[in-house]
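Here the protein sequences come in this chain order: W and X.
Going by the numbering used here, 6 is the number at position 3 of the first sequence; the sequence numbering is gapless.
Going by the numbering used here, 318 is the number at position 54 of the second sequence; the sequence numbering is gapless.
Ideal placement from N, C-alpha and C gives every residue a C-beta, glycine not left out.
All of these numbers come straight from a predicted model, not from anything done at the bench.
What follows is a single structure, written as structure tokens, with notes after it.
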Amino acid sequence: MSFREKSAWITLVTVLVCFGAYFVELFGGLSRESHHFGGLGSLHLLLLSVLALAGLQIALTAIAALTTPKHGRGPADERERMIQLRSQSLGYHVLMVLAVSLFAPAFFGHRGVEMANFALLAVVIAALTVAVAQIVMFRRGA
Amino acid sequence: MALPIANQIRRLRFEHGEMTQADLAERIGMTRQTVAAIEAGKYSPSLEAAFRIAHVFGVGLDDVFQWVS
Numbered sequence: 004m005s006f007r008e009k010s011a012w013i014t015l016v017t018v019l020v021c022f023g024a025y026f027v028e029l030f031g032g033l034s035r036e037s038h039h040f041g042g043l044g045s046l047h048l049l050l051l052s053v054l055a056l057a058g059l060q061i062a063l064t065a066i067a068a069l070t071t072p073k074h075g076r077g078p079a080d081e082r083e084r085m086i087q088l089r090s091q092s093l094g095y096h097v098l099m100v101l102a103v104s105l106f107a108p109a110f111f112g113h114r115g116v117e118m119a120n121f122a123l124l125a126v127v128i129a130a131l132t133v134a135v136a137q138i139v140m141f142r143r144g145a
Numbered sequence: 265m266a267l268p269i270a271n272q273i274r275r276l277r278f279e280h281g282e283m284t285q286a287d288l289a290e291r292i293g294m295t296r297q298t299v300a301a302i303e304a305g306k307y308s309p310s311l312e313a314a315f316r317i318a319h320v321f322g323v324g325l326d327d328v329f330q331w332v333s
């Protein structure tokens, strides 16, 4: 497995784990009628999630670098750059659709921190789309 | 979908001292996975990469890649 495919897996797993936990807690709090969802409490959760994400990504990327032969860690070649461009293009379109769909929660009366969380969810879904698209293309060959 | 371009990279590697995909990849500045994808017909390289591959084997482009109609 190439270093960049490992990086895509690392992004997928860490974003799923960290932001998955964040949104489960957030929306779980919503169902329990706590004040997490729209309150400043979500900022503490977000800070924890971002720190955990950064820590996990740094540690796992270091392990991936150590377990990849030196020649596999050089600059991206043309196929890898093509995969990155295609996956980012797909992620961009997903983000655009989700950004437009943010009108829906606004229409139902969500405001402020709540809307920020919906926007964050859109960014996370777009990032996951990029990672999954990269993994699929790396597995298929191109 | 299969690409309409066949290649002789596997045979040429064998004829050049059983060169590994990693060796070829290093000589053309690509990853082993990309060489494997080209060899398997899953990825069409750029013209520059195709010339680099042909240059490594000391043959013409036509000896490495063929259009399959």
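Starting from residue i, follow the beta strand (DSSP E) in both directions and report where the run begins and ends.
i	result
F111 of chain W	Segment: none, F111 of chain W is in no beta strand (DSSP E) and carries neither H nor E.
A270 of chain X	269-271
At which residues does the alpha helix (DSSP H) containing residue i begin and terminate?
i	result
Q330 of chain X	Here Q330 of chain X belongs to no alpha helix (DSSP H); instead the beta strand (DSSP E) covers 329-331.
A314 of chain X	311-321
G44 of chain W	44-69
E83 of chain W	81-103
A289 of chain X	285-292
T298 of chain X	296-303
Output yes or no for whether 9 angstroms exceeds the beta carbon distance between residue i and residue j.
i	j	result
F146 of chain W	I86 of chain W	Nothing can be reported for residue 146 of chain W, as the shown portion of chain W is limited to 4 through 145.
Q285 of chain X	R275 of chain X	no
T295 of chain X	Y307 of chain X	no
A102 of chain W	A134 of chain W	no
F6 of chain W	S52 of chain W	no
I273 of chain X	E303 of chain X	yes
L105 of chain W	A136 of chain W	no
L288 of chain X	V320 of chain X	yes
Return yes when at least one heavy atom of the ligand NAD lies under 8 angstroms from the C-beta of residue i, else no.
i	result
M294 of chain X	With respect to the ligand NAD, the structure shown offers nothing to examine, as it has no ligands at all.
Among the candidates the options, whose CA atom is the shortest distance from the CA of residue i?
i	options	result
E279 of chain X	X:V323, X:S333, X:L311	X:V323
V332 of chain X	X:M283, X:R291, X:D287, X:G305	X:G305
S310 of chain X	W:G77, W:H96, W:L69, W:E81	W:E81
A107 of chain W	W:A122, W:G94, W:V97, W:H96	W:A122
L15 of chain W	W:R143, W:E28, W:V127	W:V127
S10 of chain W	W:L49, W:A65, W:G58	W:A65
R316 of chain X	X:N271, X:R291, X:E282	X:R291
Measure the beta-carbon distance from residue i to residue j and round it to whole angstroms, keeping in mind my assumption that it falls under 8 angstroms.
i	j	result
S45 of chain W	V116 of chain W	6 angstroms
T132 of chain W	V100 of chain W	Incorrect: roughly 10 angstroms between the Cβ atoms, too far for contact.
| query | Going along the chain, which residues of the stretch 64-95 of chain W sit with their C-beta nearer than 9 angstroms to a C-beta in chain X? | reply | Cβ contacts with chain X: P72, H74, G75, G77, P78, A79, D80, E81, R82, E83, M85.
| message | At a CB distance below 9 angstroms, what residues from the stretch 304-320 of chain X approach chain W? Give them in sequence order. | response | Hits within the stretch, in order: A304, G305, K306, Y307, S308, P309, S310, E312, A313.
| request: Quick one: which residues of the stretch 282-297 of chain X get their C-beta closer than 8 angstroms to a C-beta of chain W? List them in chain order. | output: For the stretch 282-297 of chain X, residues whose beta-carbon sits nearer than 8 angstroms to a beta-carbon of chain W comprise A286, A289, E290, G293, M294, T295, R296, Q297.
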